[in-house]
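Peer 1: One structure, as structure tokens, below. Some questions next.
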Amino acid sequence: MDQIDTLRGKYIEAVTAAADEAALESVRLAALGKKGEISALMATLGKMEPEARKAAGAQLNVLKDEIDAALRARKTALADAALDERLRAEWLDVTLPGRPRREGTIHPVSQVTDEVTAIFADMGFAVAEGPQIESDWFNFDALNIPPEHPARQEHDTFFMARAEGDDRPPHVLRTHTSPVQIRAMADRGAPIRVIAPGRVYRMDMDQTHTPMFHQVEGLAIDRDISMANLKWVLEEFCRTYFEVAEVELRFRASHFPFTEPSAEVDIRCSWEGGQLKIGQGDSWMEILGSGMVHPKVLSAAGVDPDQWQGFAFGMGIDRIAMLKYGIPDLRAFFESDLRWLRHYGFSALDLPTVFGGLSR
Ligand code: DAH
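Count along the sequence shown from 1, add 50, and you get the number used in this note's numbering.
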């Protein structure tokens with residue numbers, strides 16, 4: 051059967067020459083496919099004499115198996131070669147020393163959020179979160195700001211749209227982080243110690259205001275927490291955050307619907323030569339609002355005001371970032387100007403910790 055040998059030679063050679071899987075598949079179809087050459091020969095067996103058919107059939111089967119085995123071997127070889135090529139191309143020398151790059155930096159807002167979180171975590175505060183699109187109830191009512199309350203106007207609120215005919219109060223972009231107080235207490239009950247850093251929104255824009263900015267809320271509720279605890283926590287925070295040996299805080303009577311009594315807190319500072327210095331001097335700079343959580347706020351969150359009491363405070367993260375790092379204009383925070391980011395950004399590898407140093 052010369053024909054068999056010829057076919058064998060032809061297809062084995064074609065298999066060896068196939069440079070990729072597609073070429074290999076064409077060879078398979080040409081030989082063994084339904085309309086392939088070998089399949090066609092198989093079809094002629096039926097017309098042969100029994101003896102001849104037996105011999106030819108056996109030979110054709112052997113040939114089929116041989117070509118099949120060659121195809122498989124070639125397929126494996128091609129896959130191995132492709133893998134070798136990839137391993138060569140993606141080779142990486144892990145013994146090369148790291149190259150410090152200043153291309154990506156940590157934004158001051160992220161840095162300060164990490165610093166604040168590290169300091170309060172050290173004092174036993176957990177981090178709580180809430181949605182940025184907040185219900186009217188959480189943002190206002192639960193915080194003792196009913197619909198007719200004048201404080202609502204002061205918040206320059208962004209309202210979400212409601213479907214036509216839906217006359218429930220619209221959701222809002224939260225105007226402060228205070229609603230997280232309610233969510234945290236409703237979730238975890240008392241006693242509780244949390245901070246809630248995050249984005250807040252108000253319709254306002256000038257050198258010190260942007261429509262989106264950041265606050266951190268603080269909340270500590272237990273059986274006998276007082277203003278004295280608030281004062282200590284804030285002093286401890288300021289000393290650590292501003293990285294100065296001494297700070298002096300001044301509590302000024304104020305009013306917030308969600309605290310009673312309420313106090314705004316100023317920090318002693320100086321403006322010598324136009325340069326702000328925190329810690330000493332004869333000026334005061336307002337840094338936050340605070341007070342004892344109003345009994346109605348506790349009730350709204352499902353905490354019994356006859357058993358529990360505590361303090362809350364709210365502070366602007368961007369604002370204390372500007373104070374600590376001498377950044378003059380808030381708007382630049384959110385302009386994504388690479389020159390600004392390189393100048394004011396922080397190294398990604400220096401995580402702020404209270405024990406290791408916050409801003410180094
Ligand atoms: N939510 C207030 C604001 O956005 C800040 C604030 C003041 C928060 C007093 C408090 C607080 O928790 O006790 O201006």
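Glycine is no exception: its CB is placed at the ideal position from the N, C-alpha and C atoms.
1. Do residue 345 and residue 168 have their C-beta atoms closer together than 8 Å?
2. Any contact between the segment 383 to 395 and the segment 288 to 304? By contact I mean 3 or more CB pairs, one from each, below 8 Å.
3. I need the DSSP call for residue 192, collapsed to helix, strand or coil.
4. Taking all protein chains shown into account, do 16 or more other C-beta atoms lie within 10 angstroms of the C-beta of residue 312, making it buried, or fewer, making it exposed?
5. If you measure from the CB of residue 265, is any heavy atom of the ligand DAH nearer than 7 Å?
6. Using the C-alpha atoms, what's the distance from residue 61 back to residue 135?
7. Using the C-alpha atoms, what's the distance from residue 374 back to residue 323?
8. Taking 8 Å as the threshold (C-beta atoms), are residue 328 and residue 294 in contact?
9. Between the beta-carbon of residue 264 and the beta-carbon of residue 249, is there less than 8 Å?
10. Between residue 364 and the ligand DAH, is the CB less than 7 Å from at least one heavy atom?
11. At 4 residues or longer, and completely inside the segment 241 to 304: list those alpha helix (DSSP H) runs for me, N to C.
12. What separation, rounded to the nearest whole angstrom, lies between the Cα atoms of residue 304 and residue 211?
13. Taking 7 Å as the cut-off, is the beta-carbon of residue 339 closer than that to any non-hydrogen atom of the ligand DAH?
14. Please report how far the alpha carbon of residue 362 lies from the alpha carbon of residue 267, in whole angstroms.
15. Secondary structure at residue 93, three-state DSSP: helix, strand or coil?
16. Please state if the CB of residue 209 and the CB of residue 220 are separated by a distance shorter than 8 Å.
17. Where do the ends of the beta strand (DSSP E) carrying residue 107 lie?
18. What's the C-alpha gap between residue 132 and residue 64?
19. Say yes only if the C-beta of residue 306 is nearer than 7 Å to one or more non-hydrogen atoms of the ligand DAH, and no if none qualify.
20. Taking buried to mean at least 16 other C-beta atoms within 10 Å of its own C-beta, is residue 183 buried or exposed?
21. Mapping DSSP to helix, strand and coil, what is residue 364?
22. Could you check what DSSP says for residue 341 in three-state terms: helix, strand or coil?
23. Around the C-beta of residue 407, are 16 or more other C-beta atoms found within 10 angstroms, so that it is buried, or is it exposed?
24. Please identify the residue among 315, 347, 287, 386 whose C-alpha is closest to the C-alpha of residue 162.
25. Say the cut is 7 Å; is the CB of residue 309 nearer than that to a heavy atom of the ligand DAH?
Peer 2: Looking at the coordinates:
1. No.
2. Flag = no, the segment 383 to 395 and the segment 288 to 304 do not touch.
3. The answer is helix: DSSP assigns residue 192 an H, G or I state.
4. When all chains shown are included, residue 312 counts as buried.
5. The answer is yes for residue 265.
6. Each residue's Cα considered, the two are about 27 Å apart.
7. Answer to the nearest angstrom: the Cα atoms are 17 Å apart.
8. It is a contact, given that the beta carbons lie within the stated cut-off.
9. A contact, by the Cβ cut-off of 8 Å.
10. Yes, since a heavy atom of the ligand DAH falls inside the 7 Å radius drawn around the Cβ of residue 364.
11. Taking only runs of at least 4 residues, the alpha helix (DSSP H) segments lying wholly in the segment 241 to 304 are 277 to 292.
12. Near 34 Å, if we compare the C-alpha coordinates of residue 211 and residue 304.
13. At least one heavy atom of the ligand DAH sits closer than 7 Å to the Cβ of residue 339.
14. Cα-Cα distance, rounded: 7 Å.
15. DSSP places residue 93 within a helical segment (H, G or I) once states are collapsed to three.
16. In this structure, residue 209 lies closer than 8 Å to residue 220 by Cβ.
17. Per DSSP, residue 107 belongs to no beta strand (DSSP E); it is in the alpha helix (DSSP H), 100 to 139.
18. The straight-line gap from Cα to Cα measures roughly 20 Å.
19. Yes - the ligand DAH has a heavy atom lying nearer than 7 Å to the Cβ of residue 306.
20. With fewer than 16 Cβ atoms within 10 Å of its Cβ, residue 183 is classed as exposed.
21. Note: residue 364 maps to strand in three-state DSSP.
22. In this structure, DSSP gives residue 341 an extended state, which the three-state scheme calls strand.
23. Counting Cβ neighbours within 10 Å, residue 407 comes out exposed, since fewer than 16 surround it.
24. From the listed residues 315, 347, 287, 386, the smallest Cα separation to residue 162 is found for 287.
25. At least one heavy atom of the ligand DAH is nearer than 7 Å to the Cβ of residue 309, so yes.
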